[in-house]
Amino acid sequence: MSYNVNEKGYYGEFGGAFIPEMLYPNVEELRQNYLKITAEPSFQEEFDSLLREYVGRPTPLYFAKRLSEQYNTKIYLKREDLCHTGAHKVNNTIGQILLAKRLGKTRIIAETGAGQHGVATATVCALMGLECIVYMGEVDIKRQAPNVARMKMLGATVRPATSGSKTLKDATNEAIRDWINNPLDTYYIIGSVVGPHPYPDMVARFQSVISKEIKAQLLEKEGRENPDYVVACVGGGSNAAGTYYHFLDEKDVNIIAVEAAGLGVDSGESAATSALGKVGVIHGSKTLLMQTTDGQITEPYSISAGLDYPGVGPMHAHLFASGRAQFISITDAQAMDWGIKLSKTEGLIPAIESAHAFAVLDEMKFKPEDIVVINLSGRGDKDLNTYIDYFNL
Numbered sequence: 001m002s003y004n005v006n007e008k009g010y011y012g013e014f015g016g017a018f019i020p021e022m023l024y025p026n027v028e029e030l031r032q033n034y035l036k037i038t039a040e041p042s043f044q045e046e047f048d049s050l051l052r053e054y055v056g057r058p059t060p061l062y063f064a065k066r067l068s069e070q071y072n073t074k075i076y077l078k079r080e081d082l083c084h085t086g087a088h089k090v091n092n093t094i095g096q097i098l099l100a101k102r103l104g105k106t107r108i109i110a111e112t113g114a115g116q117h118g119v120a121t122a123t124v125c126a127l128m129g130l131e132c133i134v135y136m137g138e139v140d141i142k143r144q145a146p147n148v149a150r151m152k153m154l155g156a157t158v159r160p161a162t163s164g165s166k167t168l169k170d171a172t173n174e175a176i177r178d179w180i181n182n183p184l185d186t187y188y189i190i191g192s193v194v195g196p197h198p199y200p201d202m203v204a205r206f207q208s209v210i211s212k213e214i215k216a217q218l219l220e221k222e223g224r225e226n227p228d229y230v231v232a233c234v235g236g237g238s239n240a241a242g243t244y245y246h247f248l249d250e251k252d253v254n255i256i257a258v259e260a261a262g263l264g265v266d267s268g269e270s271a272a273t274s275a276l277g278k279v280g281v282i283h284g285s286k287t288l289l290m291q292t293t294d295g296q297i298t299e300p301y302s303i304s305a306g307l308d309y310p311g312v313g314p315m316h317a318h319l320f321a322s323g324r325a326q327f328i329s330i331t332d333a334q335a336m337d338w339g340i341k342l343s344k345t346e347g348l349i350p351a352i353e354s355a356h357a358f359a360v361l362d363e364m365k366f367k368p369e370d371i372v373v374i375n376l377s378g379r380g381d382k383d384l385n386t387y388i389d390y391f392n393l
């Protein structure tokens with residue numbers, strides 16, 4: 001079985017491009033050109049150079065000594081929190097901005113939940129001198145104020161989404177509307193492995209630098225390329241797709257995906273798509289989706305703004321349905337406790353999204369000789385207000 005996308009844009013039964021006719025030219029232009037453009041030596045050279053000199057790659061693979069001692073196993077952290085802008089998101093926005101420029105686009109739009117993708121998009125637009133409009137749910141604008149300020153400092157216009165739950169799903173809806181209305185000069189940088197084909201594949205390819213580096217770094221540190229486990233949090237799932245990418249067909253590597261259970265999987269306040277989702281279509285792709293019996297999308301909830309998406313990317317839906325990946329749901333309380341625990345144990349304050357991934361250490365038993373790689377996908381600066389309010393710091 002293949003875990004990568006096929007030529008029609010499907011991962012098993014998931015994926016595709018379910019889009020209104022008015023979006024077809026935009027998406028088709030991208031589909032016809034993305035592989036050709038990204039394979040050009042000049043593209044590769046510019047992409048690699050910016051990742052190295054602007055983003056600060058390769059990010060370290062850090063052996064978490066105290067954590068490893070506590071859990072009696074070998075725990076390595078992939079330090080995506082050290083990327084410029086504070087998270088993995090910038091790997092993808094660099095790739096897509098280079099693509100947009102080669103397609104002759106002058107106006108960039110994006111959606112954002114936690115604000116990290118918005119900041120990463122605004123950053124590369126400033127770098128390239130392009131107009132930038134970021135759609136963000138009204139609720140997220142309030143809970144991620146520092147990132148909103150960053151986007152504005154970088155010259156972006158932040159437009160609030162005021163419909164529905166006023167979070168990521170609604171911001172995405174607004175961005176798609178904008179793209180339909182401005183097809184010629186506008187490029188839509190999607191921030192996760194979601195949306196119509198070719199976005200899930202394209203974003204996964206740009207993020208695959210994470211697993212590529214893990215292999216090289218593990219070889220150097222442990223004398224072997226493959227860990228026993230790779231662990232990442234999954235909302236839409238771009239940091240996870242990048243962490244898993246080069247291990248998808250390596251059967252000896254166990255893939256662990258960690259979702260946000262919110263107040264509990266069955267609480268009605270959750271974003272645990274694998275446990276609660278059914279097959280449906282959202283934002284142009286067929287995937288697993290939280291929905292009512294008559295197909296209306298259920299409002300997701302998580303304390304982390306980056307994980308409260310009602311679906312997962314089609315790659316992850318396929319990994320779940322095929323049994324290739326193990327999905328674990330972690331509550332707000334578990335994630336927040338890990339935010340403090342990682343801070344006090346390793347001196348690393350994680351993004352709340354990333355904190356979810358660490359809770360796996362309490363849910364699973366690892367052997368002393370196991371090598372467990374956890375993606376520390378972002379740093380916690382953006383979440384300080386949430387941590388302060390939650391713990392009365």
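Under UniProt numbering, think of the first position of the sequence shown as 1, with each following residue one higher. Here a beta-carbon is modelled for each residue, glycine too, at the ideal position from N, C-alpha and C.
Opposite residue i in the DSSP bridges: which residues?
{"i": "residue 394", "result": "No answer is possible for residue 394: it lies beyond the span of the chain, which begins at 1 and ends at 393."}
{"i": "residue 395", "result": "Because residue 395 is not part of the residues shown, which for the chain are 1 to 393, the question remains open."}
{"i": "residue 247", "result": "In DSSP, residue 247 forms no bridge with anything."}
{"i": "residue 188", "result": "109"}
{"i": "residue 77", "result": "62 and 374"}
{"i": "residue 11", "result": "14"}
{"i": "residue 311", "result": "289"}
{"i": "residue 87", "result": "378"}
{"i": "residue 297", "result": "291"}
As a quick exercise: from the options, pick the residue whose alpha carbon is nearest that of residue i.
{"i": "residue 352", "options": "50, 87 and 29", "result": "87"}
{"i": "residue 162", "options": "135, 258, 348 and 288", "result": "135"}
{"i": "residue 274", "options": "236, 83, 243 and 250", "result": "236"}
{"i": "residue 360", "options": "382, 53 and 67", "result": "67"}
{"i": "residue 193", "options": "244, 74 and 290", "result": "244"}
{"i": "residue 378", "options": "325, 239 and 266", "result": "239"}
{"i": "residue 15", "options": "202, 315 and 301", "result": "315"}
{"i": "residue 300", "options": "344, 150 and 332", "result": "332"}
{"i": "residue 127", "options": "143, 133 and 155", "result": "155"}
{"i": "residue 394", "options": "336, 373, 322 and 354", "result": "Outside the modelled stretch of the chain, which goes from 1 to 393, sits residue 394, for which no answer is possible."}
{"i": "residue 367", "options": "29, 44, 10 and 70", "result": "70"}
{"i": "residue 384", "options": "339, 371, 357 and 374", "result": "339"}
{"i": "residue 10", "options": "291, 196 and 309", "result": "196"}
Is residue i buried or exposed, if buried means 16 or more other CB atoms sit within 10 Å of its CB?
{"i": "residue 279", "result": "exposed"}
{"i": "residue 35", "result": "exposed"}
{"i": "residue 365", "result": "exposed"}
{"i": "residue 177", "result": "exposed"}
{"i": "residue 220", "result": "exposed"}
{"i": "residue 405", "result": "Given that the chain is displayed from residue 1 to residue 393, the structure contains no residue 405 and the question cannot be resolved."}
{"i": "residue 6", "result": "exposed"}
{"i": "residue 348", "result": "buried"}
{"i": "residue 392", "result": "exposed"}
{"i": "residue 325", "result": "buried"}
{"i": "residue 252", "result": "exposed"}
{"i": "residue 320", "result": "buried"}
Which residues bound the beta strand (DSSP E) around residue i?
{"i": "residue 398", "result": "Absent from the model: residue 398. The displayed extent of the chain is 1 to 393, so no value can be given."}
{"i": "residue 282", "result": "278-282"}
So residue i and residue j are supposed to be a Cβ contact under 8 Å. How far apart are they, rounded?
{"i": "residue 210", "j": "residue 242", "result": "4 Å"}
{"i": "residue 3", "j": "residue 318", "result": "7 Å"}
{"i": "residue 191", "j": "residue 110", "result": "6 Å"}
{"i": "residue 183", "j": "residue 72", "result": "With 8 Å as the limit, residue 183 and residue 72 do not qualify as a contact, their Cβ atoms being about 56 Å apart."}
{"i": "residue 167", "j": "residue 113", "result": "6 Å"}
{"i": "residue 115", "j": "residue 91", "result": "No, residue 115 and residue 91 are not in contact; Cβ-Cβ is about 17 Å, not under 8 Å."}
{"i": "residue 143", "j": "residue 335", "result": "In fact, because the Cβ distance is near 15 Å, the residues do not count as touching under 8 Å."}
What first and last residue would you give for the alpha helix (DSSP H) that runs through residue i?
{"i": "residue 314", "result": "314-321"}
{"i": "residue 177", "result": "168-181"}
{"i": "residue 144", "result": "Here residue 144 belongs to no alpha helix (DSSP H), and DSSP marks it neither H nor E."}
{"i": "residue 353", "result": "352-358"}
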